[in-house]
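Engineer: Protein chains in written order, with the numbering used here: chain A, 15 to 308; chain B, 357 to 439.
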Amino acid sequence: MAAEGHGPTASEYIQHHLEHFTTRTQSGIADFSLSDPVLKLDSLFWSILLGVIGCFLLWRVAKSVTSGVPGRMQAAIEFLVEMVDTQARGIVHNEQSRKAVAPLALTAFVWIFLMNAMDLLPLDLIPNLWAAVYGAAGHDPHHAYMRVVPTADLSTTLALSVTVLLACLYYNIKIKGLGGWVKELFSAPFHGHGAMAIVLAPINFLMQMIEFVAKTVSHGMRLFGNMFAGELVFMLIALMGAVGFGSLGGVALWIGHVLAGSAWAIFHILIITLQAFIFMMLTLVYVGQAHDAH
Amino acid sequence: MENILGLVALACGVIIGLGAIGACIGIGLMGGKYLEASARQPELMNELQTKMFLLAGLIDAAFLIGVGIAMLFAFANPFVIAG
Numbered sequence: 015m016a017a018e019g020h021g022p023t024a025s026e027y028i029q030h031h032l033e034h035f036t037t038r039t040q041s042g043i044a045d046f047s048l049s050d051p052v053l054k055l056d057s058l059f060w061s062i063l064l065g066v067i068g069c070f071l072l073w074r075v076a077k078s079v080t081s082g083v084p085g086r087m088q089a090a091i092e093f094l095v096e097m098v099d100t101q102a103r104g105i106v107h108n109e110q111s112r113k114a115v116a117p118l119a120l121t122a123f124v125w126i127f128l129m130n131a132m133d134l135l136p137l138d139l140i141p142n143l144w145a146a147v148y149g150a151a152g153h154d155p156h157h158a159y160m161r162v163v164p165t166a167d168l169s170t171t172l173a174l175s176v177t178v179l180l181a182c183l184y185y186n187i188k189i190k191g192l193g194g195w196v197k198e199l200f201s202a203p204f205h206g207h208g209a210m211a212i213v214l215a216p217i218n219f220l221m222q223m224i225e226f227v228a229k230t231v232s233h234g235m236r237l238f239g240n241m242f243a244g245e246l247v248f249m250l251i252a253l254m255g256a257v258g259f260g261s262l263g264g265v266a267l268w269i270g271h272v273l274a275g276s277a278w279a280i281f282h283i284l285i286i287t288l289q290a291f292i293f294m295m296l297t298l299v300y301v302g303q304a305h306d307a308h
Numbered sequence: 357m358e359n360i361l362g363l364v365a366l367a368c369g370v371i372i373g374l375g376a377i378g379a380c381i382g383i384g385l386m387g388g389k390y391l392e393a394s395a396r397q398p399e400l401m402n403e404l405q406t407k408m409f410l411l412a413g414l415i416d417a418a419f420l421i422g423v424g425i426a427m428l429f430a431f432a433n434p435f436v437i438a439g
């Protein structure tokens, strides 16, 4: 740790910003224990709060909806809902399923967009406030960790994609029947007759399992990779500003930090919207695939 | 220890570099096809643009996953014993 009276070094600054506020320290790269789980309280708190805010916003607009001339908020929400509905109609060809899947896609889009947008806040704002609160509560403020972007946490994004996987499994069993789906697991993508069918069955099963795992993992990791890399670039830009602010000759660095920060933040606005849109589209595509026979 | 740090630094460079080659060539090919299609049938331009952005995200996916992993090794290296 930094010596008393000295600020953190560059890598200490970054590592401090990358630590999660966990219930206990995690040993090893993955910890699946259920009896004593490693809960990332910061990701949980921000994701739940943003979900509640998103739901509340949409509910408020839906409650005061008029068929006359709409207000700006209603027009914006209508545009969003119509966009998701158009995509859902094109991809999921089952009216009954669409009643549940289109709201699922809308939820994914709005919630992920809000969670991604936390990345646009100034980097040290909430962590410094949290350190003040933590210190006032009697703990050591040097160990006050807070990550405010829930989607830059692999646990959150994989949880979202596993939810989509569960929806796919549900629709597979609902549309094809449990027996029909199990038969498809062993007979697709390679069809055979008689003895060939038995030979191909384990190969088909392996391919289906790989397909499910690859789709789910890539679905979650794509969002994580984009958000984590974006957040890390923001941290490096903030580091440039911190170094520039601390020395007389570093004014150029500080000006560079403002310019680089603005440019990256503007680019990031596109990225957060795009990643939320891609997650929504892939949700629709994967659930739509559960409706088709292979 | 220095050996591990040096090798990890090289590894991060290779991950990001090779990923960037693939992603950029992919986006270039796709963008070229989109421009060709827009020139042939301008009325399809808006519809194709939505699909193009979706595809751009998919093409970038593996590269950005690699960047995420490389950044993890650069800044929070699990091979380095913290102390």
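We treat Cβ as the ideally placed atom computed from N, Cα and C, and that holds for glycine.
Using a cut-off of 7 Å between C-beta atoms, extract the partners of asparagine 240 (chain A) located in chain B.
Structural biologist: Those are Leu420, listed as they occur along chain B.
Engineer: At a CB distance below 9 Å, what residues from the region 390-423 of chain B approach chain A? Give them in sequence order.
Structural biologist: Thr406, Phe409, Leu410, Ala412, Gly413, Leu414, Asp416, Ala417, Ala418, Phe419, Leu420, Ile421, Gly422, Val423
Engineer: Which residues mark the beginning and the end of the alpha helix (DSSP H) in which proline 117 (chain A) is found?
Structural biologist: 109-131
Engineer: Just to confirm the assignment, what range does the alpha helix (DSSP H) spanning phenylalanine 293 (chain A) have?
Structural biologist: 265-305
Engineer: When you compare each of A:Ser111, A:Trp144, A:Thr80, A:Ile217 to methionine 160 (chain A) by their alpha carbons, which one comes out closest?
Structural biologist: When each option's Cα is compared against that of methionine 160 (chain A), the closest is A:Trp144.
Engineer: Would you mind working out which of A:Val95, A:Glu33, A:Leu135, A:His30 sits nearest tryptophan 278 (chain A), comparing C-alpha positions?
Structural biologist: Here the closest residue by C-alpha is A:Leu135.
Engineer: Please check if any C-beta of chain A sits within less than 7 Å of the C-beta of methionine 427 (chain B).
Structural biologist: Closer than 7 Å: yes.
Engineer: Taking 7 Å as the threshold (beta carbon to beta carbon), is alanine 228 (chain A) in contact with chain B?
Structural biologist: Under the 7 Å criterion on CB atoms, alanine 228 (chain A) is classed as non-interfacial with respect to chain B.
Engineer: Check for me: the alpha helix (DSSP H) holding histidine 31 (chain A) runs from which residue to which?
Structural biologist: 24-32
Engineer: Mind checking if alanine 44 (chain A) is an interface residue toward chain B, Cβ cutoff 7 Å exclusive?
Structural biologist: no
Engineer: Measure the CB-CB distance between cysteine 380 (chain B) and alanine 430 (chain B) and report whether it falls below 7 Å.
Structural biologist: no
Engineer: In this structure, does DSSP put threonine 171 (chain A) in helix, strand or coil?
Structural biologist: Three-state DSSP puts threonine 171 (chain A) in a helix.
Engineer: For the region 192-258 of chain A, list the alpha helix (DSSP H) runs that are entirely contained and at least 4 residues long, ordered along the chain.
Structural biologist: Within the region 192-258 of chain A, the runs of alpha helix (DSSP H) that reach at least 4 residues and sit entirely inside it are, in chain order, 192-201.
Engineer: Name, going along the chain, the residues of the region 376-387 of chain B whose beta-carbon falls closer than 7 Å to a beta-carbon of chain A.
Structural biologist: Of all residues in the region 376-387 of chain B, none places a beta-carbon less than 7 Å from a beta-carbon of chain A.
Engineer: Kindly indicate which three-state DSSP category threonine 36 (chain A) falls into: helix, strand or coil?
Structural biologist: In the structure shown, the three-state DSSP call for threonine 36 (chain A) is strand.
Engineer: Taking the straight line between their C-alpha atoms, what separation do you get for alanine 24 (chain A) and leucine 410 (chain B)?
Structural biologist: Roughly 37 Å between the two C-alpha positions.
Engineer: Could you compute how far the alpha carbon of valine 231 (chain A) sits from the alpha carbon of serine 175 (chain A)?
Structural biologist: 7 Å
Engineer: Roughly how far, in whole angstroms, is the beta-carbon of glutamine 101 (chain A) from the beta-carbon of glycine 413 (chain B), given that I think they are within contact range, below 8 Å?
Structural biologist: So it is not a contact: roughly 14 Å between Cβ atoms.
Engineer: Which first and last residues belong to the alpha helix (DSSP H) in which glutamine 101 (chain A) is found?
Structural biologist: Bounds of the alpha helix (DSSP H) holding glutamine 101 (chain A) are 86-105.
Engineer: With distances taken between CB atoms, is the gap from methionine 249 (chain A) to histidine 31 (chain A) smaller than 7 Å?
Structural biologist: yes
Engineer: Determine, using beta carbons only, whether alanine 274 (chain A) and isoleucine 251 (chain A) come nearer to each other than 7 Å.
Structural biologist: yes
Engineer: For phenylalanine 428 (chain B), which of A:Val247, A:Gln303, A:Thr287 has the nearest alpha-carbon?
Structural biologist: Correcting the residue identity first, residue 428 (chain B) is leucine in this sequence and not phenylalanine. When only C-alpha atoms are compared, the closest one is A:Val247.
Engineer: Using a C-beta cutoff of 7 Å, does alanine 365 (chain B) count as contacting chain A?
Structural biologist: no
Engineer: Thinking C-alpha only, which one of B:Pro434, B:Asn402, B:Val436, B:Ile425 is nearest arginine 236 (chain A)?
Structural biologist: B:Ile425
Engineer: Please decide whether phenylalanine 435 (chain B) counts as near chain A, where near means a Cβ-Cβ distance under 7 Å.
Structural biologist: Chain A places no beta carbon closer than 7 Å to that of phenylalanine 435 (chain B), leaving this residue out of the contacts.
Engineer: For isoleucine 360 (chain B) and phenylalanine 435 (chain B), I'd like the C-alpha separation in whole angstroms.
Structural biologist: 8 Å
Engineer: What residue does the alpha helix (DSSP H) around phenylalanine 59 (chain A) start on, and which one ends it?
Structural biologist: 55-77
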